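For the sequence shown, the residue numbers in the numbering used here are 33 to 181. All residues carry an ideal CB built from backbone N, CA and C; glycine is no exception. Model, not experiment: these values are computed from the prediction. Working notes, beginning with the structure itself.
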Amino acid sequence: MQTTEDPQKSPENSNRDSEVQTQKKLVEELKIQWKLLWSQRFEDKVRAEGVSTAEYVDLAVEQGTIIHATKDFKALNFKEILQSHLVENPERYIAPDVNIGGWKKFIKTDINTGKHPRNDYSSTLNDKKAKKQSGQHSKKGGRGWLHKA
Numbered sequence: 033m034q035t036t037e038d039p040q041k042s043p044e045n046s047n048r049d050s051e052v053q054t055q056k057k058l059v060e061e062l063k064i065q066w067k068l069l070w071s072q073r074f075e076d077k078v079r080a081e082g083v084s085t086a087e088y089v090d091l092a093v094e095q096g097t098i099i100h101a102t103k104d105f106k107a108l109n110f111k112e113i114l115q116s117h118l119v120e121n122p123e124r125y126i127a128p129d130v131n132i133g134g135w136k137k138f139i140k141t142d143i144n145t146g147k148h149p150r151n152d153y154s155s156t157l158n159d160k161k162a163k164k165q166s167g168q169h170s171k172k173g174g175r176g177w178l179h180k181a
């Protein structure tokens, strides 16, 4: 009888799986803190800045740190935070930009291209007006009510 070893149950794969699971948990915790950071920020309308209201140790953001501004500002980047936590391949945890690709771009370019003719009420209304105007005679030669005799 031959014995076959299941490659899924080898110690190397189980160790790798545990590393992947810990990375996923870390990324989820960072995402939760990232969302809290942006949802609970203080908007300073005079200076046009967004200021953090709490300290986020994992994101390296202290309370009072400017997280969004309009002038001379280096924006926070979630990808850089993941890289600082030594997450392997951080791009897979971040959705791509709409201009680069992803589901939104696919929908914009391939699905909503306007290939299907739409029944616009305005186009049918304009056609009806054109037919109505051509079928009627103009009153007083088209000069309206104010005319010379």
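His100 is bridged by DSSP to Gly82. As far as DSSP is concerned, Tyr125 takes part in no beta bridge. DSSP lists Gly82 as the beta-bridge partner residues of Glu75. Pairwise C-beta distances place the stretch 106 to 121 out of contact with the stretch 135 to 145, as fewer than three of them are shorter than 8 Å. Short of 8 Å from the beta carbon of Thr85, and not among the five residues preceding or following it, lie these beta carbons of its own chain, in chain order: Gln72, Arg73, Phe74 and Gln95. In terms of CA proximity to Glu81, Thr97 leads the group Thr97, Trp66 and Tyr88. About 6 Å separates the CB atoms of Leu58 and His117; that is less than 8 Å, so the two are in contact.
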